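A.B. asks: In my numbering, the protein residues as written are 1027 to 1405. Quick reminder that beta carbons are idealized off the backbone N, C-alpha and C, glycines included. All values derive from a computational prediction rather than experimental measurement. Pasting a structure below so you can have a look.
Given below as structure tokens:
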């Protein structure tokens, strides 16, 4: 599923040079390396401001606090996502309100958001997630949120370089958008790292204060912040890797297209429910100018056959992952948290399986994966 050595080996000389530059300059926290990386990501996202921090989880926490979410506030978010989406809400003392996902895209749209708002009319914000590298329908979601006075913080941790159906970059449409640079991401560092983009000067200023103990430009602490800064070594490595992101994304998309074609020939239906008569579903394509960046390539199979398929693939030397085994509403720490009806979340947790799609994947290995899945489904 992940081979960081294969990714880093061709870049080793450039990365060593970047690290040496930081060591020689002795600006290890903040400084020109971080600022240059922030500016590059702001340009990529067509946003005016970018603020680095020390993880994707902190990016969500800082962004929510910067847009005004605080203790007791209700925040809508999907249950089908990584823990940090709701965990960051809870860490602020706010209340996650879980909503379902669209069965075709696995993202939250206005229809699901409205169900959550009906459950909790006082919701102050929503955190849509660009799951697996596909941008949530941010245009309709932002319009819906603005009509109800709800702030939008986009969780784009898995979707750097992705584009919405209208071509808008991921993280660019909400009041703030959040990235993670965990090593397994499409743009991953050599440790933890995160970043928030925004078009709001006020939000950007607040973010810079919050990530550095709450200290403002005047040197005074107007709010009790935290220590969450992106270090220069991570920024320098990420700048090297950013130059290769488009090529890596192109390879991921080529793998995904090949999977799509092979599975379609075997009868798979993109974005469709699965049952015994239609036992394989593939990701719903994103037409141009949109772009899916496939941090994961996730198929669906009937729930009573998924574990058998995993075992079948493991016996063939093929690694797979389950994202995610349970909805967040089923985590013990969220017992009693409000949740809209979640039938799609319950279904996809039982049916989804992620396949290898890293850029360095050998096409022959990719075909081996596809053949073994088709063989299993036909049998």
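Do the segment 1225-1236 and the segment 1203-1213 meet, that is, are 3 or more Cβ pairs less than 8 Å apart?
C.D. replies: A contact between stretches requires three or more CB pairs, one per stretch, nearer than 8 Å, and the segment 1225-1236 fails this requirement with the segment 1203-1213.
A.B. asks: Cutting at 7 Å between CB atoms, please list the residues of its own chain near residue 1349, excluding the five before and the five after it.
C.D. replies: Position 323 of the chain shown, counted from the start, is the residue given in the question as residue 1349. The answer, listed in chain order, is 1322, 1324, 1378, 1380.
A.B. asks: Quick check: is the beta carbon of residue 1279 nearer than 8 Å to any beta carbon in chain C?
C.D. replies: Checking the listed chains, one finds no chain C in this structure; it contains a single protein chain.
A.B. asks: Touching or not, the segment 1278-1292 and the segment 1387-1401, by the rule of three or more beta carbon pairs under 8 Å?
C.D. replies: yes
A.B. asks: Is residue 1213 closer than 8 Å to residue 1264 when the C-beta atoms are compared?
C.D. replies: Numbered from its first residue, the chain shown carries residue 1264 at position 238. Numbered from its first residue, the chain shown carries residue 1213 at position 187. Taking 8 Å as the cut-off, the Cβ atoms of residue 1264 and residue 1213 count as close.
A.B. asks: DSSP on residue 1454, reduced to helix/strand/coil?
C.D. replies: Nothing about residue 1454 can be reported from this structure: the residues present for the chain run from 1027 to 1405 only.
A.B. asks: Might you give, ordered along the chain, the residues of its own chain that have their beta carbon closer than 7 Å to the beta carbon of residue 1370, omitting 5 neighbours on each side?
C.D. replies: Position 344 of the chain shown, counted from the first residue, corresponds to residue 1370. Counting only Cβ-Cβ distances below 7 Å, and skipping sequence neighbours, we find 1126, 1127, 1129.
A.B. asks: Out of curiosity, what's the CA-to-CA distance linking residue 1004 and residue 1220?
C.D. replies: Since the first residue of the chain shown is 1027 and the last is 1405, residue 1004 is not available in this structure.
A.B. asks: Residue 1235 and residue 1216 - do their beta-carbons sit closer together than 8 Å?
C.D. replies: Indexing the chain shown from 1 puts residue 1216 at position 190. Indexing the chain shown from 1 puts residue 1235 at position 209. Contact: no.
A.B. asks: Does residue 1114 come out as helix, strand or coil in the three-state DSSP assignment?
C.D. replies: Your numbering for residue 1114 matches position 88 in the chain shown. Helix.
A.B. asks: Is the CB-CB distance between residue 1275 and residue 1319 below 8 Å?
C.D. replies: Walking along the chain shown from the start, residue 1275 turns up at place 249. Walking along the chain shown from the start, residue 1319 turns up at place 293. Yes; because the gap between Cβ atoms is below 8 Å, this pair is in contact.
A.B. asks: Does the beta-carbon distance from residue 1119 to residue 1097 come in below 8 Å?
C.D. replies: Walking along the chain shown from the start, residue 1119 turns up at place 93. Walking along the chain shown from the start, residue 1097 turns up at place 71. Yes; because the gap between Cβ atoms is below 8 Å, this pair is in contact.
A.B. asks: Among the residues of its own chain, which have a CB less than 6 Å from the CB of residue 1105, if the five just before and after it don't count?
C.D. replies: The residue labelled residue 1105 in the question sits at position 79 within the chain shown. Closer than 6 Å at Cβ, skipping near neighbours: 1124, 1353, 1354, 1355, 1368, 1371.
A.B. asks: Relative to the alpha-carbon of residue 1099, which residue among 1108, 1088, 1115 has its alpha-carbon at the smallest distance?
C.D. replies: For the purposes of this step, residue 1099 is identified with residue 73 of the chain shown, where counting begins at 1. For residue 1099, the nearest C-alpha among the options comes from 1115.
A.B. asks: Suppose only complete runs of 4+ residues qualify. What are the alpha helix (DSSP H) ranges in the segment 1245-1300, listed by chain order?
C.D. replies: 1258-1268, 1271-1291
A.B. asks: Can you tell which of 1031, 1102, 1315 has the C-alpha that lies nearest to the C-alpha of residue 1160?
C.D. replies: Residue numbering aside, residue 1160 sits at position 134 when the chain shown is read from its first letter. Comparing Cα positions, the closest option is 1315.
A.B. asks: Who are the Cβ neighbours of residue 1270 in its own chain at under 8 Å, not counting the five residues just before and after it?
C.D. replies: As a working mapping, residue 1270 is identified with position 244 in the chain shown. So the qualifying residues of the chain are 1037.
A.B. asks: Jot down the residue ranges of each uninterrupted beta strand (DSSP E) in the segment 1318-1353, minimum 3 residues, whole runs only, in chain order.
C.D. replies: Those beta strand (DSSP E) runs which fall completely within the segment 1318-1353 and span 3+ residues are 1323-1326.
A.B. asks: What do you reckon, are the CB atoms on residue 1101 and residue 1152 nearer than 8 Å?
C.D. replies: As a working mapping, residue 1101 is identified with position 75 in the chain shown. As a working mapping, residue 1152 is identified with position 126 in the chain shown. Against a cut-off of 8 Å, the Cβ pair of residue 1152 and residue 1101 comes out as a contact.
A.B. asks: State yes or no: is the C-beta of residue 1258 within less than 8 Å of the C-beta of residue 1048?
C.D. replies: Against the chain shown, residue 1258 aligns to sequence position 232. Against the chain shown, residue 1048 aligns to sequence position 22. Their beta carbons are under 8 Å apart, which means residue 1258 touches residue 1048 by this criterion.
A.B. asks: Near residue 1094, what residues of its chain come up, given a Cβ to Cβ distance below 6 Å and the 5 sequence neighbours on each side ignored?
C.D. replies: Mapped onto the chain shown, residue 1094 falls at position 68. So no residue of the chain qualifies.
A.B. asks: Measure the alpha-carbon distance for residue 1169 versus residue 1065 and round it to whole angstroms.
C.D. replies: Counting from one through the chain shown, the residue named residue 1169 turns up at place 143. Counting from one through the chain shown, the residue named residue 1065 turns up at place 39. Taking the straight line from one Cα to the other gives about 28 Å.
A.B. asks: If distances are taken between C-alpha atoms only, which option among 1192, 1211, 1140 comes closest to residue 1176?
C.D. replies: Taking the first residue of the chain shown as 1, we reach residue 1176 at position 150. When only C-alpha atoms are compared, the closest one is 1140.
A.B. asks: Could you spell out where the beta strand (DSSP E) holding residue 1082 opens and where it closes?
C.D. replies: Stepping through the chain shown from its first residue, residue 1082 is reached at position 56. Note, residue 1082: premise wrong, no beta strand (DSSP E); alpha helix (DSSP H) at 1082-1092.
A.B. asks: With distances taken between CB atoms, is the gap from residue 1028 to residue 1384 smaller than 8 Å?
C.D. replies: On the chain shown, position 2 is the one that residue 1028 refers to. On the chain shown, position 358 is the one that residue 1384 refers to. Result yes, Cβ atoms of residue 1028 and residue 1384 sit closer than 8 Å.
A.B. asks: Which same chain residues, not among the five before or five after residue 1092, have their C-beta less than 7 Å away from its C-beta?
C.D. replies: Here residue 1092 is taken as the residue at index 66 of the chain shown, counted from 1. Only 1202, 1229, 1232, 1233, 1236 meet the Cβ criterion.
A.B. asks: Between the beta-carbon of residue 1407 and the beta-carbon of residue 1181, is there less than 8 Å?
C.D. replies: As shown, the chain starts at 1027 and ends at 1405. That puts residue 1407 outside it, with no answer to give.
A.B. asks: Whose CA, out of 1344, 1362, 1360, 1357, lies closest to the CA of residue 1382?
C.D. replies: Taking the chain shown and counting its residues from 1, the one referred to as residue 1382 is at position 356. With distances taken between Cα atoms, residue 1382 lies closest to 1344.
A.B. asks: I need the DSSP call for residue 1181, collapsed to helix, strand or coil.
C.D. replies: The count along the chain shown starts at 1 and reaches residue 1181 at position 155. Residue 1181: strand per DSSP, three-state reduction.
A.B. asks: Should residue 1173 go down as buried or exposed, given a rule of 16 or more other Cβ atoms within 10 Å for buried?
C.D. replies: Taking the first residue of the chain shown as 1, we reach residue 1173 at position 147. Answer is exposed; the Cβ neighbour count stays below 16.
A.B. asks: Hey, could you find the ends of the alpha helix (DSSP H) residue 1069 is sitting in?
C.D. replies: As a working mapping, residue 1069 is identified with position 43 in the chain shown. Secondary structure note for residue 1069: its alpha helix (DSSP H) is the uninterrupted segment 1058-1070.
A.B. asks: Suppose you measure from the CA of residue 1255 to the CA of residue 1078; what does that come to, to the nearest Å?
C.D. replies: On the chain shown, position 229 is the one that residue 1255 refers to. On the chain shown, position 52 is the one that residue 1078 refers to. Between residue 1255 and residue 1078, the C-alpha separation is close to 6 Å.
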